[in-house]
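Novice: The following block contains the structure, expressed as structure tokens.
Numbering (the working numbering), first residue to last: 4 to 418.
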């Protein structure tokens, strides 16, 4: 059943006011929108740019323009931007500018259309005082209805406020190791984000959904650009996930900048910027969840551990997702074995063994199979599993690396 016209118009006005209030609005930003725009751009560059900003296009919104991509000339290049009011992504691509201007085009339509064009020059023209864009490429000519650029939420670049440069590879690895542990349930918005906190010469990223906790440090060294103790943010996990994708295999440093009110954060990469609304609130004190001591430390090859866990997970699917781990020291030079098992009454059971290094007592603990696979999936080499009792949390750390810790709450089972 659809919304009545009066209610629908009210919701659109509220969203528009929100967009202009949160993102800011400058009446002069798109003054060129009333003018004729004409640009030429390579199909492959336009396709790549649309793929980049497409991640920020609103999937469902009663503010229709957020389903569009903003195209605007900017300093001799074509800027593409999209926003869902929580995050925005902008990218710049090379173009031949014949007439300055701006417009917005339905994102899904233009992306699908450009993806089917041949690798040739695409001409985009918006005649004066019209709401249609004319696109030509090779022997193809199309007309697409547009919406005024002046109605698009303004995506303001953060040019002031504290900033810091981060190594691209290090940041991407940190994001990969942390963001998946954030909650997906909006009932507690604070834990749907990732805490980024400055401490002396490092940044600490932390995420927790109440059942697991991931904490990773980035040592800043000479890249420190301001007192990092001033930094205490909660960034939406989705925004960081997109930053990780945008970094890709890039080698150039990523600039992290926060606006003066600490309501927005901007990640700047080569020809790409992502701006996200920060989550307001106080992140839980996660340090108290990391045990300070343990009874058993088991060092396991990650590949062997992952293989055994995946096999057990097949049986665990019909057994509440429970994977059991039993550590058995042999007493000879710290060697031992790890038994990985799962069972489901209506399906069967599975048990596998791995040679491991053990320091301490025999141990038993059970984990959710997905949580176990998630942490092993972001590690390599050898992992150190620290346990205290079957009812106490398990702690995973890279065996030959400091700065990362992952805590998983146990499953209570009958042994």
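Backbone N, C-alpha and C define an ideal beta-carbon position, used for all residues, glycine too.
Report yes if the C-beta distance between residue 122 and residue 50 is below 7 Å; otherwise report no.
Specialist: Against a cut-off of 7 Å, the Cβ pair of residue 50 and residue 122 comes out as no contact.
Novice: Using 8 Å as the Cβ pair cut-off and three pairs as the minimum, do the stretch 155 to 165 and the stretch 256 to 268 touch?
Specialist: With a cut-off of 8 Å, the stretch 256 to 268 and the stretch 155 to 165 count as touching, because enough Cβ pairs lie within range.
Novice: When you compare the CB positions of residue 414 and residue 371, do they come within less than 7 Å of one another, or not?
Specialist: Yes, the pair counts as a contact, with Cβ atoms nearer than the cut-off.
Novice: Buried or exposed: residue 87, going by 16 or more other Cβ atoms within 10 Å of its Cβ?
Specialist: Buried: at least 16 other Cβ atoms inside 10 Å.
Novice: Report the three-state DSSP secondary structure of residue 51 (helix, strand or coil).
Specialist: In this structure, residue 51 counts as helix in the three-state DSSP scheme.
Novice: If you follow the beta strand (DSSP E) that residue 306 is in, where does it begin and where does it stop?
Specialist: First-last for residue 306: 305 to 319, but that is the alpha helix (DSSP H), not the beta strand (DSSP E).
Novice: Where does residue 298 fall in DSSP's three states?
Specialist: Reduced to three states, the DSSP call for residue 298 is coil.
Novice: Measure the alpha-carbon distance for residue 101 versus residue 40 and round it to whole angstroms.
Specialist: So the alpha carbons of these two residues sit roughly 8 Å apart.
Novice: Which class does residue 271 belong to by DSSP, given the choice of helix, strand or coil?
Specialist: Of the three classes helix, strand and coil, the one that applies to residue 271 here is strand, per DSSP.
Novice: Counting only runs of 3+ residues fully inside the stretch 317 to 394, write out the beta strand (DSSP E) ranges in chain order.
Specialist: Segments of the beta strand (DSSP E) lying fully in the stretch 317 to 394: 325 to 332, 338 to 347, 351 to 363, 366 to 371, 385 to 390.
Novice: List the endpoints of the continuous alpha helix (DSSP H) containing residue 153.
Specialist: Element bounds for residue 153: n/a, residue is neither H nor E.
Novice: Given a cut-off of 7 Å on the beta-carbon distance, is the pair residue 279 and residue 332 in contact?
Specialist: In this structure, residue 332 does not lie closer than 7 Å to residue 279 by Cβ.
Novice: Quick one: measure Cβ to Cβ for residue 304 and residue 385, integer angstroms, because I've assumed they're closer than 8 Å.
Specialist: Between residue 385 and residue 304 the Cβ distance is about 6 Å, and since that is below 8 Å, they are a contact.
Novice: Here's a check: name, in chain order, each residue in its chain whose Cβ is nearer than 8 Å to the Cβ of residue 351, leaving out the five neighbours to either side.
Specialist: The answer, listed in chain order, is 318.
Novice: Quick one: measure Cβ to Cβ for residue 184 and residue 212, integer angstroms, because I've assumed they're closer than 8 Å.
Specialist: With 8 Å as the limit, residue 184 and residue 212 qualify as a contact, their Cβ atoms being about 6 Å apart.
Novice: Of all the CB atoms in chain D, is at least one closer than 7 Å to the CB of residue 140?
Specialist: Of the chains in the structure shown, none is chain D; there is only one protein chain.
Novice: In whole angstroms, what separates the C-alpha of residue 154 from that of residue 73?
Specialist: Taking the straight line joining both Cα atoms gives about 10 Å.
Novice: In or out: residue 134 buried (at least 16 other Cβ within 10 Å) or exposed?
Specialist: So residue 134 counts as exposed.
Novice: Can you tell me where the beta strand (DSSP E) holding residue 217 begins and where it ends?
Specialist: Its beta strand (DSSP E) spans residues 215 to 222.
Novice: DSSP state of residue 167, grouped into three classes?
Specialist: DSSP places residue 167 in strand when its eight states are reduced to three.
Novice: Under 6 Å Cβ to Cβ from residue 232, same chain only, skipping five residues before and after it: list those, please.
Specialist: Excluding residues within five positions, the ones whose Cβ falls inside 6 Å are 201.
Novice: What whole-angstrom Cβ distance do residue 308 and residue 236 have, given they're in contact under 8 Å?
Specialist: That belief does not hold up - the Cβ atoms of residue 308 and residue 236 are roughly 33 Å apart, past 8 Å.
Novice: Can at least three beta-carbon pairs, one atom from the stretch 387 to 398 and one from the stretch 357 to 377, be found at a separation below 8 Å?
Specialist: With a cut-off of 8 Å, the stretch 357 to 377 and the stretch 387 to 398 count as touching, because enough Cβ pairs lie within range.
Novice: Between the beta-carbon of residue 343 and the beta-carbon of residue 315, is there less than 7 Å?
Specialist: Yes, Cβ-Cβ distance for residue 343 and residue 315 is below 7 Å.
Novice: Alpha carbon to alpha carbon, how far is residue 291 from residue 409? Give it in angstroms, no decimals.
Specialist: Near 13 Å, if we compare the C-alpha coordinates of residue 291 and residue 409.
Novice: Who are the Cβ neighbours of residue 82 in its own chain at under 7 Å, not counting the five residues just before and after it?
Specialist: Here the set comprises 75, 93, 95.
Novice: When DSSP builds the beta bridges, which residues end up paired with residue 82?
Specialist: 75, 95, per the DSSP bridge assignment.
Novice: When the Cα atoms are used, what is the spatial distance from residue 336 to residue 328?
Specialist: Cα to Cα, residue 336 sits roughly 21 Å from residue 328.
Novice: Using only the alpha-carbon positions, how far apart do residue 426 and residue 189 sit?
Specialist: Nothing in the structure corresponds to residue 426, since the chain is present only between 4 and 418.
Novice: In chain order, what residues of the same chain have a beta carbon less than 6 Å from the beta carbon of residue 178, not counting five sequence neighbours either side?
Specialist: Closer than 6 Å at Cβ, skipping near neighbours: 243, 247.
Novice: For residue 399, list the residues DSSP reports as bridge partners.
Specialist: Per DSSP, 388, 409.
Novice: Using the Cβ count rule (16 or more neighbours within 10 Å means buried), how would you classify residue 311?
Specialist: Per the 10 Å Cβ criterion, buried.
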